[in-house]
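Student:
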Amino acid sequence: MKNEQEQLSRYLELAFNQAKELVYIKDSKLRFLTCNWSFADFFGMDTPEKAEGLCSSDLMSPLTAEEDTRTDKQAIQSSVTLSTMLTFDEGDNKSRVFSCLKAPLIELDSTIGIFCIMRDITSEEDQMEEYRNREAVNSAIIRNAPVGISVRDSVGNLLSYNKAWQKIWDSSDEKVKADMNYTRTELKLDDSDSYLYSYHDKLINVYTTGGEFFVPEVKTNRKKDGLEVWVSQHFYAIMNPDNSVQRVVVLTVDISDHVYSRKALKTTQQNYKKLSETIPVGVFRSEIRENSLILSMNPAFRRMFGFSEGKDLNVRITDLLANPAEERNIINLLQRKGRIDNCEIILKKADGSTFWASFTMSTLKEASVSIAEGVITDITGRMNAFKQLQKTIDGVVLAMSRLVDMKDPYTSGHQKRVADLSCAIGEELGMKPHLIDGLRIAGILHDIGKMAVPTEILTKPGAITRSEMLLLREHAEDGYDILKSIDFPWPVADIVLQHHERIDGSGYPLGLKCSEIRLEAKILAVADVVEAMATMRPYRASLGLHEALQTITAGSGIYFDRQVVEACMRLFMEKNYHLPEEDSLNSFRHDM
Ligand SMILES: [Fe+2]
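1353 is the number of the first residue of the sequence shown in the numbering used here; add one for each residue after it.
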């Protein structure tokens, strides 16, 4: 028996001294009676005996000693074991934290001392601090996330939710508790909502067996601005160690804007399709590349080209162009500018016949591949009417020109020859065809003002007097007055007014200089002089082409525009140009 007690005492002593925890015993006056080696080591004592008779303030900082003493007293007074914590400052912002169990030592109903075990929990405390910080960050993110987040237990009790979730369901805290608790779906289900109802089993699975489930789009029973709220929802389960469902987290996103935009877009597309099927202009879509394919065409387009209805066609842009090489220009324009506006072009039908069309094309910005959409209008009727009108204008112009010829038979054909040479110079200078058309009209009519000059002066052989010359010179202004009220698409009246101006300002009627004179008038001036000198007149022999060309060369840069003179010289000297014979002047527009 005695041996057993001795052995037990030895074990207790070993446990006391070898324990990693810090252990001490104090008497009722809170003086250390004994401590173990770990305690002595921690407080820098050689042996545990050194602690005997000391009190806390002998070993600890004043604040820690005060806390230790306070809790010792508390344990003694309450006569129950107390759990507390003590912190020891180690400098450099470091500290050691101990969890302390303080047990009063009671003998015969009175407390005779205190027994304390201190466990170093510094690393645990650091982890707890990190955990608390992480929790704070996570909850801040969840609280302010733009996505609705709610957490439920496995039977549907609502445990927590964030601001975005509350906004989606438009619920006050009280309303949330009343409305949204005890439900696993977050949506009020009824038989009419077959769409969501079909998902119900899958949702219940997440709550009962775990896993996750995504509802991409569902209509809620809430309304915002009079419109139903649509959401997407992602349910996923958080599992317990025993594999039962602990929590279900639900992410909810309000996708109402997306749903309504898509519906609006669909309606727009349907309207567009209906419109493109009924409008009388051809609508098509095509690729933007060499040998590009027509991807779609409306019924008017099919009718326009004579393609059969309701059959998929393998038609390329080049199949529709009278000149297939023009596809390159179309592609270039689309790639450079993104659109082509009202381009007039000759197109080819399925049977090979051609027609005039105006087309507008633009690239589709949203397309990931290069696609363009186009509208084609058949303008054959308009083009025919335009050509007819042109013929009429030309006829009237020719008739007016002949009036001058009738009054001044000596210069018959002068205006037409000047017009012919002017157009040749214009082409040589690279003028656009449209401007050359205006130049032709101005040339044909440039002496129309001579209608107002007395016939005696026009037909007077030999020299004329100064007053006669002044009268003759009025033909430029008279021509302007005759033509100014005609709404030509070119400035014909101005060109006629300026055809006797000279670039040094020595001309008439206004004495204009250089850039003040229109290019067309500068061309007419050169052609007028060359024709007048090179052609035989009834009252004089021809002065000869050679002398005519010498005159304009001598006046180049003084009276005549240098570039115009050079172009005229090239025509005669290099390009074998000849002024037209009288017989060939019956029609001035041979292509019509
Ligand atoms: Fe003239």
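The beta carbon of each residue, even a glycine, is placed where N, CA and C say it ideally should be.
Quick one: grab the DSSP three-state call for residue 1898.
Tutor: Helix.
Student: Going by DSSP, name the residue or residues bridged to residue 1463.
Tutor: Paired residue(s): 1458.
Student: Which residue marks the beginning of the beta strand (DSSP E) containing residue 1694, and which one marks its end?
Tutor: Start and end: 1691-1700.
Student: When every heavy atom of ligand 1 is checked, does at least one fall within less than 7 Å of the C-beta of residue 1746?
Tutor: No; taking the cut-off as 7 Å, the Cβ of residue 1746 has no heavy atom of ligand 1 nearer than that.
Student: Assuming residue 1295 and residue 1368 make a contact with CB atoms under 8 Å, what is their CB distance in whole Å?
Tutor: No answer is possible for residue 1295: the residues shown for the chain start at 1353 and end at 1944.
Student: Anyone know if the C-beta pair for residue 1802 and residue 1827 falls short of 8 Å?
Tutor: Cβ atoms of residue 1802 and residue 1827: closer than 8 Å.
Student: As a quick exercise: from 1429, 1470 and 1430, pick the residue whose alpha carbon is nearest that of residue 1449.
Tutor: Closest by alpha carbon: 1470.
Student: Unbroken beta strand (DSSP E) runs of length 3 or more, entirely within the stretch 1718-1748: which are they?
Tutor: As far as the stretch 1718-1748 is concerned, its whole beta strand (DSSP E) runs of at least 3 residues are 1723-1730.
Student: Using only CA atoms, which one of 1587, 1475 and 1560 lies nearest to residue 1500?
Tutor: Answer by Cα proximity: 1587.
Student: Please report the straight-line C-alpha distance between residue 1432 and residue 1479, rounded to a whole angstrom.
Tutor: Taking the straight line joining both Cα atoms gives about 30 Å.
Student: Heavy atom of ligand 1 less than 7 Å from the Cβ of residue 1760, yes or no?
Tutor: False, no ligand heavy atom lies under 7 Å from that Cβ.
Student: When you compare the CB positions of residue 1655 and residue 1647, do they come within less than 8 Å of one another, or not?
Tutor: Cβ distance not < 8 Å, so residue 1655 and residue 1647 don't count as in contact.
Student: Measuring only the C-alpha atoms, how far is residue 1416 from residue 1439?
Tutor: Rounded to the nearest angstrom, the two C-alpha atoms are 7 Å apart.
Student: Assuming residue 1777 and residue 1916 are in contact, meaning their beta carbons sit under 8 Å apart, how far apart are those beta carbons, in whole angstroms?
Tutor: The Cβ separation is near 6 Å, so the contact holds.
Student: Go ahead and pull the three-state DSSP assignment for residue 1800.
Tutor: Residue state, collapsed to three classes: helix.
Student: In angstroms, rounded to a whole number, what distance separates the CA positions of residue 1940 and residue 1652?
Tutor: With a pLDDT of 39 at residue 1940, under the threshold of 50, the modelled position of this residue cannot be trusted; read the value that follows with caution. About 40 Å.
Student: Look up residue 1513 in the DSSP assignment and give the residues it is bridged to.
Tutor: Paired residues: 1502.
Student: For residue 1681, which residues in the same chain have their Cβ closer than 6 Å to its Cβ, ignoring the five residues on either side in sequence?
Tutor: Excluding positions up to five away in sequence, the list is empty.
Student: Whether or not the stretch 1417-1436 and the stretch 1444-1461 are in contact is what I'm after, with contact meaning three or more pairs of Cβ atoms, one per stretch, closer than 8 Å; do they touch?
Tutor: Enough Cβ pairs lie closer than 8 Å, so yes.
Student: Given this structure, state the Cα-to-Cα distance separating residue 1757 from residue 1766, to the nearest angstrom.
Tutor: One C-alpha to the other measures close to 8 Å.
Student: On the DSSP letters alone, give me the boundaries of the beta strand (DSSP E) that residue 1443 sits inside.
Tutor: Here the beta strand (DSSP E) through residue 1443 covers 1434-1443.
Student: At a threshold of 7 Å, does residue 1880 count as lining ligand 1 (C-beta to nearest heavy atom)?
Tutor: Flag set: Cβ of residue 1880 near ligand 1.
Student: Using the beta-carbon count (16 or more within 10 Å), is residue 1813 buried or exposed?
Tutor: When all chains shown are included, residue 1813 counts as exposed.
Student: Taking 7 Å as the cut-off, does the CB of residue 1846 come closer than this to any heavy atom belonging to ligand 1?
Tutor: No, Cβ of residue 1846 sits at least 7 Å from all heavy atoms of ligand 1.
Student: Nearer than 7 Å: is that true of the beta carbon of residue 1693 relative to any heavy atom of ligand 1?
Tutor: Result no, Cβ not under 7 Å from ligand 1.
Student: Can you grab the Cα-Cα spacing for the pair residue 1566 / residue 1585, in whole Å?
Tutor: Straight-line Cα distance between these residues: approximately 6 Å.
Student: Which word fits residue 1938, buried or exposed, when buried means at least 16 other C-beta atoms lie within 10 angstroms of its C-beta?
Tutor: Residue placement at residue 1938 cannot be trusted, given a pLDDT of 47 that sits under 50; what the coordinates show is reported in the next sentence. Label assigned to residue 1938: exposed.
Student: CA-CA distance, residue 1543 and residue 1526?
Tutor: Caution is warranted here: a pLDDT of 48 is assigned to residue 1543, below 50, making its placement in the model unreliable, and the coordinate value is therefore given only provisionally. Straight-line Cα distance between these residues: approximately 27 Å.
Student: Are the CB atoms of residue 1692 and residue 1640 within a distance shorter than 8 Å?
Tutor: Cβ distance not < 8 Å, so residue 1640 and residue 1692 don't count as in contact.
Student: Can we count residue 1772 as close to ligand 1, meaning its CB is less than 7 Å from some heavy atom?
Tutor: No, the Cβ of residue 1772 stays beyond 7 Å of every heavy atom of ligand 1.
Student: For the alpha helix (DSSP H) holding residue 1875, just list the boundary residues, first then last.
Tutor: Segment 1871-1886, the alpha helix (DSSP H) holding residue 1875.
Student: Rank 1404, 1603 and 1505 by C-alpha distance to the C-alpha of residue 1497 and give the top, closest one.
Tutor: Taking only the C-alpha atoms, the option nearest residue 1497 is 1603.
Student: Among 1628, 1635 and 1858, which has the Cα closest to the Cα of residue 1725?
Tutor: Residue 1725 has its Cα closest to that of 1635, out of 1628, 1635 and 1858.
Student: From the DSSP secondary-structure annotation, give me the bridge partner or partners of residue 1709.
Tutor: For residue 1709, which the question treats as bridged, DSSP gives the partners 1697 and 1730.
Student: Does the distance from the C-beta atom of residue 1967 to that of residue 1657 stay below 8 Å?
Tutor: The question about residue 1967 has no answer here: the residues shown for the chain are numbered 1353 through 1944.
Student: Is any heavy atom of ligand 1 found at a distance shorter than 7 Å from the C-beta of residue 1786?
Tutor: No; taking the cut-off as 7 Å, the Cβ of residue 1786 has no heavy atom of ligand 1 nearer than that.
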